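Worksheet: one structure, shown below.
Protein chains in written order, with the working numbering: chain Y, 1 to 271; chain Z, 272 to 512.
Okay, structure coming up:
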């Protein structure tokens, strides 16, 4: 009986992990420190770029007044609902076109045509159709996030290894078993790439939509602050967007780790 | 079904557009027989195996499998392991099984292929030989009567290959499996099979029965003769004093 042999790398890892965890934060820390030092020494005018401490204090003030949490929650609501709608439509279209040649011939060409229209160019049309209410902003986010999910789902499903499909057929799997046990897991890494890309598009679209046509949300807050030349709030809004983007990315990465843990395993044993 | 055969292939032809892959192939395979199909690339070996497996249909002719309409009595093991990388070794074995005790049976088979301690590993944690052993165990999950081997050892190194040959022979003999092996390796065929069929120009061109309990010398003689038929060369004449 063969016993699995595992290389003992514990000692090396215990030394490496703190460095690996710290490195991603190094550049942001250097930038913020450099920014603060430049502001404190008067190299940067507060009318051009207020100091990090001033931005932080502005954040506390706006949080205490309730303005930041209110605008943050409405932005999160728009982003989440838009992504859910756009992501679902993109997934369904990618799924049916990936699975059915007839559907692919019928829909894919038209979808590719619409995909090449920059979705932000639709803003005037959407405002004319839907006004500046919630549905307009949610629709824009949905349109923006639909295509990355569609393209990646379609590509993921249509490029499943034919050998695995043949193996499934030789094991007489039903169509639903074939989908859930072979096609979907095989396409999942590509689908998750699409979702991760869609998260980036989601925030970009929301910023533009809230800046142009909104009476609430982080984009509106930044636009309003610009009217009052409130540089601290403008910078704060940009930082909030950056933090939201990073959190979205971390959530997407966590999903990847959870659903694709098998990809992280490597050869740890020898024959 | 002729002559109490397990598999009876009658006048089978297979064409793809204008290309003839198989031409008038007729062959009977007895129950428990280990048959090897050898020949040059493009000779029709793998096509014939795929037709027997039901993965493709013959253009004309008939393939009869004795005593079953059930495909589960027949399992294929391919050159590529075709394991699902997102499933553990144990789940890879039991995923296609309708048996309630599939997990227990899977563990028994993993013990049989000497990988009992690897049940929770993922395929990318295994070596090529280990993956092929898992693929073999998976092929045995439904207790098939017929095992179809499509160059399963082609990508393995010589030592692992020899170990796998012994393992397959042992299992086939114990379980009295009717086995068809497609291989490029004539010596492998001579070592493992009861009968060797040379596929050439899309048909079964030549057959060679292999002696029971053969020794290395007999294996060499059979391999040389079969190779001669494939290459259309006369076998070497060994002069004895």
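Quick reminder that beta carbons are idealized off the backbone N, C-alpha and C, glycines included.
Given the structure is predicted, the values throughout are model-derived calculations rather than measurements.
- Query: To the nearest angstrom, how far is it from the Cα of residue 133 of chain Y to the Cα of residue 76 of chain Y?
  - Reply: 15 angstroms
- Other residues of its chain near residue 160 of chain Y: CB distance less than 8 angstroms, five sequence neighbours each side excluded: 182, 183, 186 and 187
- When we look at the beta-carbon of residue 311 of chain Z and count the other beta-carbons within 10 Å, is it buried (16 or more) or exposed? exposed
- Return helix, strand or coil for residue 205 of chain Y, following the three-state DSSP convention. helix
- Simplified DSSP state of residue 284 of chain Z, which is helix, strand or coil: strand
- Query: What residues from chain Z crowd round residue 258 of chain Y, counting only those whose CB sits closer than 8 angstroms?
  - Reply: What residue 258 of chain Y touches in chain Z: nothing, since even the nearest Cβ is about 12 angstroms away.
- Message: Let me see if you follow: with CB-CB separation under 8 angstroms, is residue 271 of chain Y close to chain Z or not?
- Response: Because the pLDDT of residue 271 of chain Y is 40, which lies under 50, any placement of that residue in the model is unreliable, and the number read from its coordinates should be weighed accordingly. Closer than 8 angstroms to some Cβ of chain Z, the Cβ of residue 271 of chain Y qualifies, so yes.
- Item | Whole-angstrom distance between residue 317 of chain Z and residue 329 of chain Z, CA atom to CA atom | 13 angstroms
- Message: Using C-beta distances below 6 angstroms, list every residue in its chain close to residue 400 of chain Z, excluding the 5 sequence neighbours before and after it, in chain order.
- Response: 427 and 431
- Nearest chain Z C-beta to residue 167 of chain Y closer than 8 angstroms, yes or no? yes
- Query: In the stretch 282–336 of chain Z, which residue ranges form an unbroken alpha helix (DSSP H) of at least 4 residues, counting only runs that do not cross its ends?
  - Reply: 316–324
- Query: Does the Cβ-Cβ distance between residue 469 of chain Z and residue 309 of chain Z come in under 8 angstroms?
  - Reply: yes
- Message: Relative to the C-alpha of residue 259 of chain Y, which candidate in Z:498, Z:357 and Z:306 has its C-alpha closest?
- Response: Z:357
- Message: Can you check which of these residues, Z:320, Z:485 and Z:440, is closest to residue 292 of chain Z by C-alpha distance?
- Response: Z:320
- Query: Using a C-beta to C-beta distance shorter than 7 angstroms, which residues of chain Y count as neighbours of residue 353 of chain Z?
  - Reply: 163, 164 and 167
- Item | Residue burial classification, residue 277 of chain Z (beta-carbon count within 10 angstroms, cutoff 16) | buried
- Counting along the chain, where does the alpha helix (DSSP H) carrying residue 182 of chain Y start and finish? Where residue 182 of chain Y is concerned, there is no enclosing alpha helix (DSSP H), given that its DSSP letter is neither H nor E.
- Query: Using DSSP with H/G/I as helix, E/B as strand and the rest coil, what is residue 345 of chain Z?
  - Reply: strand
- Look at the alpha carbon of residue 253 of chain Y and the alpha carbon of residue 429 of chain Z, and state the distance between them as a whole number of angstroms. 42 angstroms
- Which residues DSSP lists as bridging residue 421 of chain Z, in chain order: Z:453
- Identify which residue in Z:286, Z:302 and Z:333 has its Cα closest to the Cα of residue 280 of chain Z. Z:333
- Item | Residue environment, residue 389 of chain Z, which counts as buried when at least 16 other CB atoms sit within 10 Å | buried
- Endpoints, the alpha helix (DSSP H) within which residue 384 of chain Z is located: That residue, residue 384 of chain Z, is in no alpha helix (DSSP H); it is neither H nor E in DSSP.
- Message: Using only the alpha-carbon positions, how far apart do residue 289 of chain Z and residue 282 of chain Z sit?
- Response: 19 angstroms
- Query: So with Cβ pairs under 8 angstroms, would you call residue 174 of chain Y a contact of chain Z?
  - Reply: no
- Task: Tell me whether residue 196 of chain Y sits in a helix, a strand or coil according to DSSP, three-state version.
- Result: helix
- C-alpha gap between residue 225 of chain Y and residue 236 of chain Y, whole angstroms: 10 angstroms
- When the distance is taken between beta carbons, is residue 397 of chain Z closer than 8 angstroms to residue 345 of chain Z? no
- Item | Which of helix, strand or coil DSSP assigns to residue 347 of chain Y | Since the first residue of chain Y shown is 1 and the last is 271, residue 347 of chain Y is not available in this structure.
- Item | Sheet register partners of residue 477 of chain Z (DSSP bridge) | Z:469
- Can you check whether the CB of residue 171 of chain Y is closer than 8 angstroms to the CB of residue 207 of chain Y? no
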